[in-house]
Amino acid sequence: MGFVSRGFVGRPEGRERTGLLPPGQYDIGGGFPVLSAGPTPRTSLEDWDFTITGEVDEPERLTWQAFQDLPHEEVTVDIHCVTKWSKFGTTWSGVSLDTLLDRVETSADYLLAFCDGGYTTNLPIEDVTDGRAWMVDRYDGEPLEAHHGGPARLLVPHLYFWKSAKWVRGLQLASVDEPGFWESLGYHIYGDPWREQRYAGD
6 MGFVSRGFVG
16 RPEGRERTGL
26 LPPGQYDIGG
36 GFPVLSAGPT
46 PRTSLEDWDF
56 TITGEVDEPE
66 RLTWQAFQDL
76 PHEEVTVDIH
86 CVTKWSKFGT
96 TWSGVSLDTL
106 LDRVETSADY
116 LLAFCDGGYT
126 TNLPIEDVTD
136 GRAWMVDRYD
146 GEPLEAHHGG
156 PARLLVPHLY
166 FWKSAKWVRG
176 LQLASVDEPG
186 FWESLGYHIY
196 GDPWREQRYA
206 GD
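Heads up, the sequence shown is in this note's numbering, so the first residue is 6 and it goes up one at a time.
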């Protein structure tokens, strides 16, 4: 398996912010590393869609235009990568997962996000509702670039950034927690940076 890490600039010294930095992390400063488990998918907006399937009353499908027509929010958050870098004050725009999940009826407790390129990640639904997660399509006021997950990606800032999956095309809702790509390869099933839940057993 090849790993893409273009953009990683190493550890800047003396940038830690006491109380804001999870244990074992360092402030990357102005950088934004690009880390992926394979080549960058590129899907045209005409071909892009987003689906919600699984344990729902009826499957939901949105085209890119239908997604754009939903209310968007701008959020500024800190993000924390399992590779130990953190970035403060990142600004994104997207659709709250509350808005998306309100479009279906479900009693599911978990979801599996699936993406172009075959990547998946699992999340408890309680961790992506109540204003805690978004499907974002803009970063710093600009359309989200493909190497950062565009046209749209998850943003779940209170968990390690691998949970904020790139190139997301849908959510599969279920009553059972199913490990995603990295979780099945030994990463933690949940991924709380404040508890250093990097790997299974942490």
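We treat Cβ as the ideally placed atom computed from N, Cα and C, and that holds for glycine. Nothing here was measured: the structure is a model prediction, and the numbers come from that model.
query                                                                                                : result
C-alpha distance - T81 paired with D62, whole-angstrom precision                                     : 33 Å
D54 - partner residues in DSSP beta bridges                                                          : T68
CB contact flag (A118, L176, <8 Å)                                                                   : yes
Limits of the unbroken alpha helix (DSSP H) element including S180                                   : From DSSP, S180 is part of no alpha helix (DSSP H); its letter is neither H nor E.
Sub-8 Å separation of V173 and M140 beta-carbons                                                     : yes
Near the ligand SAH: E79 beta-carbon under 7 Å from a heavy atom                                     : The model on display carries no ligand, and the ligand SAH is accordingly not part of it.
Whole-number beta carbon distance between N127 and G232, since they are thought to touch under 8 Å   : The structure shown does not extend to residue 232, since the chain spans only 6 to 207, so no value can be given for it.
For L176, three-class secondary structure by DSSP                                                    : strand
Between the CA atoms of G191 and G99 - distance to the nearest angstrom                              : 30 Å
Simplified DSSP state of G191, which is helix, strand or coil                                        : coil
Segments of 3+ residues assigned as beta strand (DSSP E) that fall wholly inside the segment 105-191 : 115-120, 125-129, 139-144, 158-160 and 173-179
Extent of the continuous beta strand (DSSP E) run through D78                                        : It should be noted that the sequence gives Glu, not Asp, for residue 78. Its beta strand (DSSP E) spans residues E78 to H85.
Rounded C-alpha distance that separates G94 from Q202                                                : 22 Å
Residue range of the unbroken beta strand (DSSP E) whose run includes K89                            : Neither: K89 is in no beta strand (DSSP E) and is coded neither H nor E.
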